[in-house]
């Protein structure tokens, strides 16, 4: 019986999606999981890889992470939704971790993270993800939430083309306790492979401030793209 629906948004993630799907197949209590990949119109081999691995690639035709996440949730059967980025690897114990957190009174939460890179300076960012502060959050940490609360919140706000994860966390935390599971999800350091450490962090801080100042979403995205070099998959969002 499915208890957790893992929802993965993709766009041109041929370099990452196979690794994630094969990793998820090794998860403890795999029989309780369904995996839904919500694609935003990939033009590379993403869809082919997903189907080769034995999963269905949902294609709603929407090129927006918030819309893709909502589309995946619409097709989910689980009472718990778990949103995971294609370039990350959750702990193999995530089913029990999430169910235990919910049983302890935390219907929404995430993991800490660490980068898939030996660069010591990146450990600074990883260290701060253990603290319960909004600035220390982000979609890379994944997000679990009960279906009941997700529906109550009406899902992700599709107005947001960027920072959609911060918005839903803010809305949820007005009523519900948030859990940071004390284990690490492994996340990609690809932004830091193409940009300096300080430039990435300054850009992230600027976008965080722009979010709270309610700066127009297109202006935020244009600023983000102007400041940083990206792979095509990252430019999707």
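In my numbering, the protein residues as written are 724 to 960. Virtual Cβ for every residue (Gly too), placed ideally from N, Cα, C. Fair warning: this is a prediction, and the values are worked out from it, not measured in the lab.
### Query
Does any CB atom of chain D fall closer than 9 Å to the CB of residue 781?
Here chain D cannot be found, since the structure has a single protein chain.
### Query
If we ignore side chains and look at the alpha-carbon of each, how far apart do residue 788 and residue 834 end up?
Rounded to the nearest whole angstrom, the C-alpha separation of residue 788 and residue 834 is 20 Å.
#### Entry: Opposing strand residues paired with residue 805 [DSSP bridges]
Residue pairing by DSSP puts residue 805 in a beta bridge opposite 729, 867.
### Query
Alpha carbon to alpha carbon, what distance is there between residue 944 and residue 886?
The straight-line gap from Cα to Cα measures roughly 10 Å.
### Residue nearest to residue 902 in terms of C-alpha spacing, selected from 872, 930, 932, 866
Selected option, being the one with the closest Cα: 866.
#### Entry: Opening and closing residue of the alpha helix (DSSP H) in which residue 925 lies
Counting along the chain, the alpha helix (DSSP H) containing residue 925 begins and ends at 920-935.
### Closest residue to residue 926 among 936, 907, 948, 741 (Cα-Cα distance)
Of the candidates 936, 907, 948, 741, the residue whose Cα lies closest to the Cα of residue 926 is 948.
#### Entry: Residues that residue 837 bridges to, as DSSP identifies them
Per the DSSP secondary-structure output, residue 837 pairs in a beta bridge with 909.
### Query
Rounded C-beta distance between residue 831 and residue 912? I'm assuming under 8 Å.
Actually they are not in contact, since the Cβ atoms of residue 831 and residue 912 sit about 26 Å apart, beyond 8 Å.
### Task
Leaving out five residues on either side along the sequence, give the residues of the same chain with a beta carbon under 7 Å from the beta carbon of residue 852.
Hits under 7 Å: 835, 836, 859, 864.
### Task
Have a look at 750, 914, 889 and flag the residue whose alpha-carbon is nearest the alpha-carbon of residue 950.
Cα-wise, what sits closest to residue 950 is 914.
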